[in-house]
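K.L.:
Number of protein chains: 2
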Amino acid sequence: MCQIDTKEKILDAAELLFAAHGYHATSLRAITASAEVNLAAVNYHFGSKDALMEAVLLRRLEPLNKLRLSQLEAVLSRAEAAGTVPTTREVLRTFVEPTFRLRQKGSDAEGFIRLIGHALAEPQGLVMSIFMRHMSPIMVKLFTALERALPGLSRKTLFWRLHFAIGSMSHIMRCHDRHSITPADVSVELETEELIEVFLDYTTAGLEAAQ
Amino acid sequence: MCQIDTKEKILDAAELLFAAHGYHATSLRAITASAEVNLAAVNYHFGSKDALMEAVLLRRLEPLNKLRLSQLEAVLSRAEAAGTVPTTREVLRTFVEPTFRLRQKGSDAEGFIRLIGHALAEPQGLVMSIFMRHMSPIMVKLFTALERALPGLSRKTLFWRLHFAIGSMSHIMRCHDRHSITPADVSVELETEELIEVFLDYTTAGLEAAQ
DNA sequence: GAGTGATTTAAACGACTGTTTGAAATCTGT
DNA sequence: ACAGATTTCAAACAGTCGTTTAAATCACTC
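So the protein lines, in turn, are chains E and L. Remember, my numbering sits 71 above the position in the first sequence when you count from 1. Remember, my numbering sits 71 above the position in the second sequence when you count from 1.
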C-alpha cells in the first residue's frame, strides 16, 4: 500500500514548489526529485501536470471552503434568529479567520496559502480557472451576506470594495517576508490572532466608509 | 533608423504578452512573431529574455515613479508651508492617481498596468526583484509621508495597513474583467475618475480606522 | 508458491525553450 | 557611389519540457 504515500509525497512537494516558483516555472522533474519518486509517477497517479495542480488545490480548498461556509451560515442564522442583520465584521471574519489560521498552523498548509495567493494573481490560466470554479459559489454567498450587513451601500460600490478586500487578503497570503516597503527599523512581526484583528479593523472600516 | 522601431515593436509585443500570460509562459518566439521581427532581434537588441523584461518594466515605471514622487513632494511641501500635516487622502492620491490614469488612457499602457499587477504577485523571481529594486525608494517615502499624516498609528500597524492598501491596488490593476465574484445582475462599470474616488474612500477609511 | 493486478522504474519520445552563429541585407557618412 | 558599421535573417545549438512505453518489481489471492 505504497500508493497513498507516493501520491501524498507528490502533493506535498508540488504544493511547496508551485507556491515558491509558480506553475510554469516548476517542472515535474523538480517535483518528483523533491518527493523522491519516479518521474512517471505524476502521470501515473494524476494523469498530467494540470491534473496534479488541480489535486493540489482541491486537497485543501474543499475543507477550507466547507469551514468558511458553515461559519457564514451560522452567523446568518444567528442574526435572523435575533431579528437583526449580521455585522460587517462578523461576516468578514467567517471568511478571513479560517484562512489566516491555515497560514500559521503546521508548516504544511503554509505553502498552500501562498499558492492560492498566487492563484488569484496568475494571468488567466489554469490555476485561475480551477480556483475560480471552486470559489465563485462561496463568493456569491459572501457578497449577499455583506449586502445584508451594509444595506446603505450600492451594489456597485460593494462590488468594488469587496474586490479591494480580496486584493488585500491575497496580497498578505502571498508575502510573509517582504519587508522592503518600510524603513528598516520597524518591527513587523505579528501573531496570527493579531493579524486577523488588524485586517478586520482595516477592512471593516473600508467597507463601512461613507459613500 | 529602423532599430528604434524594432526595439519598440518588441517592447510593445512583450508588454502585452507578458501581461496576458506571465513571464515564463511567454516565449521569445511568440513575442517576435507578434512583433513581426526576427527571433534573434531580442538577443541582439536586449541581450536576453531577462533583460527584455527589465526594459519592458523600466520603460513605463521610471516616468510613472517620477510623476508620483513629484506629486508627493508637492503635497508635503504644501503642508509644511501651511504649518500642518498632509491628509491621508491626498498622500494616497499622489500614489494612486497616476497609476489608475495609466490604466485607462491609450490602450498601450493598459498592458503595463496588468503587468506590474502581476509583478507584485509573482513568486520571488526575476520580475519581482526588478520591480522591487525600482519601487522600494518611493515606498519608503510613501511610508514616511503616511506616518506624518497618521501620527496616532503605531509603525507596525501602519506597515500592515499599507500592505493591505498595496494588495488592493495591485489586485485592481490585475483584473479588469473578473466579475465572477458577484451575482450576475450587478452593473460594475466605473470610469477611472470614479474608481479613484471609490478606492480612496475605502483605503483612507481603512488607514484611518481606530486602532 | 504460482499467478494476477497494481505500482515503480529507466529510457526514450517529439516538441519547445533561450541563445548563438555567420552570412546576407540594409543603412550611414563621406 | 563607395566603404564600413549596423541590423536582419535563416538555421542550428544544446538543453529542458511533459508525456509515453515496456520491462521490472511489488503486494496479495487462490
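Just so you know, even glycine gets a beta-carbon here, dropped at the ideal spot from N, CA and C.
1. If I measure Cβ to Cβ from residue 228 of chain L and keep anything under 8 angstroms in the same chain, skipping five residues before and after, which residues do I get?
2. So what does DSSP say about residue 281 of chain E, is it helix, strand or coil?
3. Does the beta-carbon of residue 115 of chain L have 16 or more other beta-carbons within 10 angstroms, so that it is buried, or is it exposed?
4. Determine the chain E residues that contact residue 232 of chain L at a beta-carbon separation under 7 angstroms, and present them in chain order.
5. Can you find a C-beta in chain E that's less than 8 angstroms from the C-beta of residue 105 of chain L?
6. Give the single residue among L/266, L/203, L/109 and L/214 whose Cα lies nearest to the Cα of residue 230 of chain E.
7. Going by C-alpha to C-alpha distance, which of E/209, E/184 and E/223 sits closest to residue 243 of chain E?
8. Confirm, please, whether the CB-CB distance from residue 112 of chain E to residue 81 of chain E is below 8 angstroms.
9. Does chain L have any CB closer than 8 angstroms to the CB of residue 277 of chain E?
10. In terms of residues, what are the limits of the alpha helix (DSSP H) holding residue 112 of chain E?
11. Determine the extent of the alpha helix (DSSP H) in which residue 167 of chain E is found, giving its start and end residues.
12. Can you give me the Cβ contacts of residue 219 of chain L inside the same chain, cut-off strictly under 7 angstroms, excluding the 5 residues immediately before and after it?
13. Can you name, in chain order, every residue of its own chain whose Cβ lies under 8 angstroms from the Cβ of residue 108 of chain E, other than the five neighbours on each side?
14. Looking at the unbroken alpha helix (DSSP H) that takes in residue 228 of chain E, where does it start and where does it end?
15. By the criterion of Cβ-Cβ separation under 8 angstroms, what are the contact partners of residue 259 of chain E in chain L?
16. Between the Cα of residue 186 of chain L and those of L/246, L/154 and L/216, spot the shortest distance and give me the residue it belongs to.
17. What is the C-beta distance between residue 94 of chain L and residue 162 of chain L, in whole angstroms, given that I count them as a contact (C-beta under 8 angstroms)?
18. Return the chain-ordered list of same chain residues with a C-beta closer than 8 angstroms to the C-beta of residue 140 of chain E, the five sequence neighbours on each side being excluded.
19. Using a C-beta to C-beta distance shorter than 7 angstroms, which residues of chain L count as neighbours of residue 280 of chain E?
20. State yes or no: is the C-beta of residue 131 of chain L within less than 8 angstroms of the C-beta of residue 180 of chain L?
21. Taking only beta-carbon atoms, is residue 238 of chain E less than 8 angstroms away from chain L?
22. Taking only beta-carbon atoms, is residue 102 of chain L less than 8 angstroms away from chain E?
23. Given residue 182 of chain L, which residues of its chain have a CB within under 7 angstroms of its CB, disregarding the five upstream and five downstream residues?
24. Please compile the residues from chain L whose C-beta is within a distance smaller than 9 angstroms of the C-beta of residue 202 of chain E.
25. What's the C-alpha gap between residue 126 of chain L and residue 202 of chain L?
26. Going by the beta-carbon positions, is the gap between residue 99 of chain E and residue 120 of chain E smaller than 8 angstroms?
27. At a Cβ cut of 8 angstroms, what residues of the stretch 80-98 of chain L count as close to chain E, listed as they run along the chain?
28. Within 10 angstroms of its Cβ, does residue 129 of chain L collect 16 or more other Cβ (buried), or is it exposed?
29. So is residue 269 of chain L in contact with chain E if we call contact Cβ pairs under 8 angstroms?
30. Please classify residue 152 of chain L as buried or exposed, where buried requires at least 16 neighbouring CB atoms within 10 angstroms.
31. Relative to the C-alpha of residue 84 of chain L, which candidate in L/275, L/216 and L/103 has its C-alpha closest?
32. Could you round the C-beta distance between residue 160 of chain L and residue 261 of chain L to whole angstroms and report it? I think they count as a contact, below 8 angstroms.
33. Is residue 250 of chain E helix, strand or coil when you go by DSSP?
34. In the DSSP assignment, find the alpha helix (DSSP H) that holds residue 125 of chain L and state where it starts and stops.
35. Straight-line CA distance for residue 250 of chain E to residue 123 of chain E?
P.N.:
According to the structure shown:
1. Close CB contacts of residue 228 of chain L within its chain, under the 8 angstroms cut and outside five residues either way in sequence, are with 282 (chain order).
2. If DSSP states are grouped into helix, strand and coil, residue 281 of chain E belongs with coil.
3. Answer is exposed; the Cβ neighbour count stays below 16.
4. Within chain E, the residues near residue 232 of chain L are 273.
5. The C-beta of residue 105 of chain L comes no closer than 8 angstroms to any C-beta of chain E.
6. Among L/266, L/203, L/109 and L/214, the Cα nearest to that of residue 230 of chain E belongs to L/266.
7. Of the candidates E/209, E/184 and E/223, E/184 places its Cα closest to the Cα of residue 243 of chain E.
8. Yes, the pair counts as a contact, with Cβ atoms nearer than the cut-off.
9. With 8 angstroms as the cut-off, residue 277 of chain E counts as an interface residue toward chain L.
10. Per DSSP, residue 112 of chain E belongs to the alpha helix (DSSP H) from 112-116.
11. Element bounds for residue 167 of chain E: 159-175.
12. Answer for residue 219 of chain L: 156 and 157, listed in chain order.
13. So the list reads 77, 80 and 81, once near-sequence residues are dropped.
14. Per DSSP, residue 228 of chain E belongs to the alpha helix (DSSP H) from 226-245.
15. By Cβ distance, chain L contributes 227, 230 and 231.
16. For the residues L/246, L/154 and L/216, the minimum Cα distance to residue 186 of chain L belongs to L/246.
17. So it is not a contact: roughly 32 angstroms between Cβ atoms.
18. 209 and 212.
19. Contacts between residue 280 of chain E and chain L, judged by CB atoms closer than 7 angstroms, involve 272, 273 and 276 in chain order.
20. Yes, the pair counts as a contact, with Cβ atoms nearer than the cut-off.
21. Yes, contact with chain L.
22. Taking a beta-carbon distance threshold of 8 angstroms, residue 102 of chain L does not count as an interface residue toward chain E.
23. Contacts found: 86, 87 and 90.
24. Result: empty, since nearest Cβ-Cβ is about 10 angstroms, beyond 9 angstroms.
25. Approximately 11 angstroms between the Cα atoms of the pair.
26. Closer than 8 angstroms, so yes.
27. Within the stretch 80-98 of chain L, the qualifying residues are 90, 91, 92, 93, 95 and 96.
28. Burial call: exposed.
29. Interface annotation, residue 269 of chain L: in contact with chain E, CB-CB separation under 8 angstroms.
30. Of the residues assessed, residue 152 of chain L falls on the exposed side of the cut-off, its CB having fewer than 16 other CB atoms within 10 angstroms.
31. Comparing alpha carbon positions, the residue from L/275, L/216 and L/103 closest to residue 84 of chain L is L/103.
32. Approximately 18 angstroms separates the beta-carbon atoms of residue 160 of chain L and residue 261 of chain L; this is outside 8 angstroms, ruling out the contact.
33. With a pLDDT of 49 at residue 250 of chain E, under the threshold of 50, the modelled position of this residue cannot be trusted; read the value that follows with caution. Under the three-state reduction of DSSP, residue 250 of chain E is assigned to coil, being neither helix nor strand.
34. That run of the alpha helix (DSSP H) goes 120-153.
35. Its pLDDT being 49, under 50, residue 250 of chain E is placed unreliably by the model, and the measurement read from it follows with that caveat. Here the alpha carbons of residue 123 of chain E and residue 250 of chain E stand approximately 32 angstroms from one another.
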